[in-house]
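Contents: one structure, followed by commentary.
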Amino acid sequence: MKRELTLTINGQPYTGVVEPRRLLVHFIREEAGLTGTHVGCDTTSCGACTVLLDGRPVKSCTLFAVQAEGHAVTTVEGLAREGELHPLQQAFWEQHGLQCGYCTPGMLMTGAALLERRPDPGEEEIRRAISGNLCRCTGYQNIVRAIQEAARAMRGAAEPVSAGQGAAGAASAARGGMVP
Amino acid sequence: MRFEGSESIRRRREEVRAFLLAPERVGRCLPDLQELEVADEAHFTAHVRVGVGPVRGRLRLDVALEPGEDDAEARISIQGSGLGSGLTVRSSARLTPVDGQTEVAWQAEASVSGTLATVGGRLLEGQARKVVEQMFGAIRRELEAEPAGEAG
Amino acid sequence: MSAVQATDVIGQRIKRKEDPRFIQGLGRYVDDITLPRMVYMALVRSPYAHARLKAIRTEAALAMPGVLAVITGADLEKAGLAWMPTLAGDRQMVLATGKVLFQYQEVAAVVAETREAAFDGAEAVEVEYEPLPAVVDPFASLRPESPLLREDREEKTNHIWHWEAGEREATEAAIRSADVVVRQDVVFQRVHPAPLEPCGCVADYNRGTGRLTLYVTSQAPHAHRTLLSMVSGLPEHMIRVISPDVGGGFGNKVAIYPGYVCAVVASLRLGRPVKWVETRTENLTSTQFARDYHMTAEIAAGRDGRVKALRVRALADHGAFDAQANPTRYPAGLFSICTGSYDFPTAFAEVDAVYTNKAPGGVAYRCSFRVTEASYLIERTMDVLADELGIDPAELRRRNFVPPAKFPYRSALGWTYDSGDYAKALDLALETVGYEELRREQEERRRRGELMGIGLSSFTEIVGAGPNHLFDIAGIKMFDSCELRVHPTGKVLARFGTRHQGQGHETTFAQVVAQELGLSVDDVIVEEGDTDTAPYGLGTYGSRSTPTAGAAAALAARRVREKALKIAAHLLECGEEDVQWADGRFQVQGAPARSVTMKDVALAAYTNPPPGLEPGLEAVFYYDPPNLTFPFGTYVCVVDIDKGTGDVKVRRFVAVDDCGTVINPMIVEGQIHGGLTEGFGIAFMQEIKYDEDGNCLSGNFTEYLLPTAVETPRWETARTVTPSPHHPIGAKGVGESPNVGSPAAFVNAVVDALSPLGVRHIDMPVTREKVWSILRSHGIRG
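Protein chains in written order, with this note's numbering: chain A, 288 to 467; chain B, 71 to 222; chain C, 21 to 802.
And the structure:
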């Protein structure tokens with residue numbers, strides 16, 4: 288009944304043997320031991336479990352682990368590189384974009400995917416992009432501000448680097464070419 | 071929830087009534103039946119699959135078949151449990167002979183508790199109506215598939 | 021206290037010290053904890069709101085692969101654990117025995133090797149019920165023909181308690197003789213705090229040490245340890261409660277839930293760590309709800325708009341058990357703050373509480389014990405009075421404010437307000453929003469048949485419970501505490517009896533300590549939540565942390581300073597009387613250049629203490645607040661209503677808050693944004709609904725709607741500062757103000773928009789459908 292599964296998380300290969308009904312979020316949290324990805328509901332509503340699957344944001348409570356077979360998953364633990372915070376992480380800190388911290392990893396991943404696609408999003412666009420991620424503490428205002436600030440920082444940092452970064456992974460823009 | 075409907079069955083009234091009081095025959099008419107266990111001549115337990123919105127799984131139904139007030143009536147009552155839910159259905163069928171056929175006018179009162187009601191929410195009523203309609207539809211088909219005149 | 025220092029850290033926008041772990045996914049919440057040999061627990065819950073339990077069959081569940089144990093109410097009964105006390109003096113079933121009293125009530129616990137096996141096992145437990153008629157309406161519950169719900173009680177009635185405050189006769193007399201009396205029925209619907217992290221625990225009983233460690237989502241770990249000891253019979257020193265990072269609480273994590281007790285029992289039985297984390301549905305349907313207050317207010321006033329009296333009646337629906345977490349003396353919490361910001365000569369309030377077949381509660385959801393209900397009621401009814409008299413709502417409020425000269429002000433219902441300047445906050449709010457201009461615009465739009473509304477709320481809060489001669493929960497006085505250890509290198513470990521869930525204590529309390537000791541915020545680390553190491557305290561809820569633990573922080577630091585001054589005198593080679601604390605250092609009076617810092621003193625405390633003085637530099641302070649604090653503010657909301665769809669668009673929302681001294685403006689603003697957003701959700705979207713059979717219809721986030729970034733308005737914040745005279749640094753607490761004050765502003769704005777139609781009140785949630793129906797009933801189409 289159990290199935291073997293191989294995928295990469297934050298660039299690291301993981302192999303596991305799981306029940307087909309094992310959710311991706313539980314695989315990430317329990318098999319891979321990466322507990323930054325959270326669970327907040329049972330109905331795909333809250334987005335606390337958001338991770339990137341080949342660079343696209345997905346709710347990992349709504350995928351079976353086996354559906355990620357052969358794919359590249361990026362979690363919040365994969366955002367910072369070599370001890371340096373991702374500009375979004377930095378901006379969330381600067382702009383008080385978090386309080387209890389529970390929604391933060393999912394919010395960061397959605398934000399990272401947005402900025403990969405749209406380097407200069409407007410406020411409405413940001414609000415729409417994060418509307419699948421619920422936050423009970425901040426009222427979103429500082430989250431929106433943080434994403435705007437990160438976008439500015441990333442545009443500033445990205446300019447010297449070549450503009451077209453393609454699908455190198457949503458988290459890569461600021462550092463130019465991080466491979467998740 | 072209250073539903074009603076009618077089926078016109080090409081069988082005599084006594085045949086229809088006898089069918090409605092036979093556990094193994096009514097039991098087979100439950101939609102998505104998985105297991106059927108007849109307890110005695112008036113009671114059976116069935117396991118059925120249900121799916122209402124995101125709630126999917128198995129329900130255990132304890133069913134009692136009762137004769138009604140007269141030989142123009144038959145009653146079915148169901149107590150269901152499983153999936154963190156509870157289910158009660160009381161239904162009765164009024165049987166009227168019409169041109170050698172039998173008009174079965176049925177009505178059902180259903181109440182659902184637990185996850186099915188909470189999570190199934192607004193999908194529930196339509197789904198429940200469908201199940202009851204399917205059951206009486208199946209009863210008609212089963213009866214008409216049997217050779218006429220053969221009372222159970 | 022010294023004048024403003026060069027090194028002022030209070031009042032600074034300091035980035036939060038707790039954030040680096042959260043932004044890197046390195047927070048540690050209960051569900052992140054994994055222990056060796058840990059097993060999982062799932063609960064079997066009742067599908068019925070009211071039913072007799074006929075039989076529980078566990079054989080099939082026990083035969084499932086991986087299932088280790090099934091615990092039922094009968095098992096707990098043998099151990100005397102089938103019931104537990106609530107924080108309100110009632111008792112609650114841990115696992116059902118005899119009957120179930122609300123849908124999703126806990127009936128059995130299944131423990132298994134994996135989470136999935138535990139859920140499979142729970143599904144395999146067969147429970148036979150005999151359904152009984154359910155009571156969901158609190159008014160119906162009091163009728164004689166209503167079935168008796170709590171057969172376990174001596175009192176054979178569904179009525180729980182009656183509470184009253186104020187002067188009944190004087191109020192009646194004033195109402196009889198008044199020029200004008202308005203009366204309004206107001207329902208504050210049942211809502212749920214719904215923190216993003218559900219409740220859960222890991223219970224770890226170690227058979228070798230005999231100790232139980234309970235990791236739990238707790239806003240009040242010390243109280244939980246004491247109550248757990250009383251319930252379980254385990255000696256209190258053999259229990260260690262750890263509340264790790266908490267993913268939001270808002271009152272939902274104040275109570276002890278049956279799941280925690282079951283996990284403890286399972287760990288005791290198996291000798292293995294047991295994890296239980298509820299699902300979102302379990303959270304919304306069985307844990308602490310809030311409100312469900314059915315109120316009527318009458319205000320008597322003169323033609324000039326001066327209020328003469330307030331009379332309030334309320335019916336409180338507590339569900340199956342009175343499981344609120346209110347101070348013992350105040351079963352209706354601080355509801356008697358319902359005279360609000362207004363100088364009522366007399367008032368009378370009474371509340372009756374009742375059982376129904378609904379989930380037990382109700383907790384103070386981002387609220388200081390029923391203040392939200394009270395504030396909403398008075399602010400809503402003041403608008404009704406304004407409408408009756410044809411006086412502008414801002415003007416009516418201004419005429420009736422308690423004037424600054426009357427503080428400390430004793431209210432008609434017995435509270436002593438510490439400080440306030442209500443008109444100042446109102447003026448700032450009106451000026452910021454451009455009130456006059458908006459009223460002119462509204463008139464114009466009305467002429468064009470457009471629906472625009474302006475709503476005000478000039479709320480007064482009552483927080484910081486509380487003075488020990490009045491406030492206790494389950495007998496434990498509501499002090500709070502701080503313990504400071506200054507290390508030889510001048511670094512400080514500060515521990516508190518509170519437990520933050522996002523409020524920023526690790527930063528704000530560090531600011532208070534750093535300020536008082538002349539150190540940098542980076543020199544101070546704040547720890548909360550571990551009962552083995554933190555000093556005893558009552559926890560974080562009711563906006564009490566800054567008023568109590570924040571005060572304890574300042575006073576513990578001053579206690580450190582008292583000893584430090586002796587060491588400083590020794591180092592400065594002068595008498596203690598010649599040393600003063602100024603500009604964040606110890607100076608010789610008259611020769612400020614001769615000085616030592618706290619760092620110098622700290623080192624000396626361990627390396628060179630004065631003869632006769634014990635070494636070390638530590639202090640503990642248990643703070644019994646002399647009074648509550650009374651934050652206040654004025655909120656103004658501007659809405660436009662779409663006549664075709666009933667959609668209400670919040671065009672602007674200006675929040676002027678006064679929470680006394682502000683420790684960290686960035687954090688205060690963040691608290692206000694969050695509280696306003698929750699208030700917005702309550703006003704427009706949220707209700708825990710039941711059908712007539714007691715089925716909870718709001719058991720997930722597709723039915724119980726939380727505001728997303730798209731609906732949430734942009735908040736404009738401003739402040740006035742009126743320090744609390746009795747708090748060591750003048751702070752009042754702020755977390756709840758926005759949730760307390762905002763619902764009235766939203767609803768007042770919508771009612772104002774619809775007032776040309778004769779609409780005087782709409783109960784929350786003010787959904788699009790509700791507004792649309794009102795418009796249609798008046799023949800208005802888009």
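Beta carbons: idealized from backbone N, C-alpha and C, even for Gly.
Everything numeric in this text was worked out from a predicted model, so none of it was measured.
Where residue i meets chain B, residues with beta-carbon distance less than 9 Å
i             : result
residue 123/C : 183, 184, 187, 188
Reference residue i; option with closest CA among the options
i             : options                    : result
residue 186/C : 164/C, 229/C, 795/C, 331/C : 331/C
residue 792/C : 784/C, 801/C, 785/C        : 801/C
residue 803/C : 640/C, 324/C, 738/C, 416/C : A query on residue 803/C cannot be resolved here, the shown segment of chain C reaching from 21 to 802 and no further.
residue 103/C : 247/C, 87/C, 336/C         : 247/C
residue 554/C : 518/C, 526/C, 523/C        : 518/C
residue 211/C : 647/C, 153/C, 785/C        : 785/C
residue 752/C : 649/C, 569/C, 73/C         : 649/C
residue 60/C  : 292/C, 502/C, 166/C, 192/C : 292/C
residue 732/C : 441/A, 414/A, 402/A, 373/A : 414/A
residue 781/C : 544/C, 32/C, 203/C, 153/C  : 203/C
residue 195/C : 148/C, 364/C, 619/C        : 364/C
residue 433/C : 300/C, 183/C, 416/C, 548/C : 183/C
residue 758/C : 156/C, 392/C, 253/C        : 392/C
residue 223/C : 191/C, 57/C, 398/C         : 57/C
Short Cβ contact (9 Å threshold) for residue i with residue j
i             : j             : result
residue 307/C : residue 169/C : no
residue 339/A : residue 312/A : no
residue 379/C : residue 561/C : no
residue 118/B : residue 186/B : no
residue 295/C : residue 221/C : yes
residue 33/C  : residue 763/C : no
residue 548/C : residue 516/C : yes
Rounded distance between the beta-carbons of residue j and residue i, thought under 8 Å
i             : j             : result
residue 162/C : residue 371/C : Incorrect: roughly 13 Å between the Cβ atoms, too far for contact.
residue 83/B  : residue 158/B : Wrong, their Cβ atoms sit about 28 Å apart, outside the cutoff.
residue 184/B : residue 123/C : 7 Å
residue 728/C : residue 418/A : 4 Å
residue 135/B : residue 96/B  : 6 Å
residue 669/C : residue 795/C : About 15 Å; that fails the 8 Å criterion.
residue 144/C : residue 81/C  : 4 Å
Reduced DSSP secondary structure (H/G/I, E/B, other) of residue i
i             : result
residue 313/A : helix
residue 784/C : coil
residue 521/C : coil
residue 11/C  : With chain C running from 21 to 802 in the structure shown, residue 11/C is simply not present.
residue 77/B  : strand
residue 776/C : helix
residue 277/C : coil
residue 548/C : strand
residue 201/B : helix
Neighbour list for residue i in chain C, Cβ cutoff strictly below 7 Å
i             : result
residue 414/A : 729, 730
residue 155/B : 67
Contact list for residue i against chain B, beta-carbon separation under 7 Å
i             : result
residue 720/C : 189
residue 20/C  : The requested residue 20/C does not occur in the structure, where chain C is confined to residues 21 to 802.
residue 140/C : The premise fails here: residue 140/C is roughly 11 Å from chain B at the closest Cβ pair, so nothing lies under 7 Å.
residue 713/C : 181, 183
Contact list for residue i against chain C, beta-carbon separation under 8 Å
i             : result
residue 158/B : 151
residue 323/A : 44, 45, 46, 47
Chain B contact residues for residue i, given Cβ-Cβ distances below 8 Å
i             : result
residue 305/C : 188
residue 301/C : 185, 188, 189
Cross-chain neighbours of residue i in chain A, by beta carbon under 9 Å
i             : result
residue 603/C : Per Cβ cutoff of 9 Å: no residues; residue 603/C is ~29 Å from chain A at best.
residue 224/C : Simply none; closest approach about 18 Å.
Within chain C, partners of residue i - CB distance below 9 Å
i             : result
residue 379/A : 39, 42, 43
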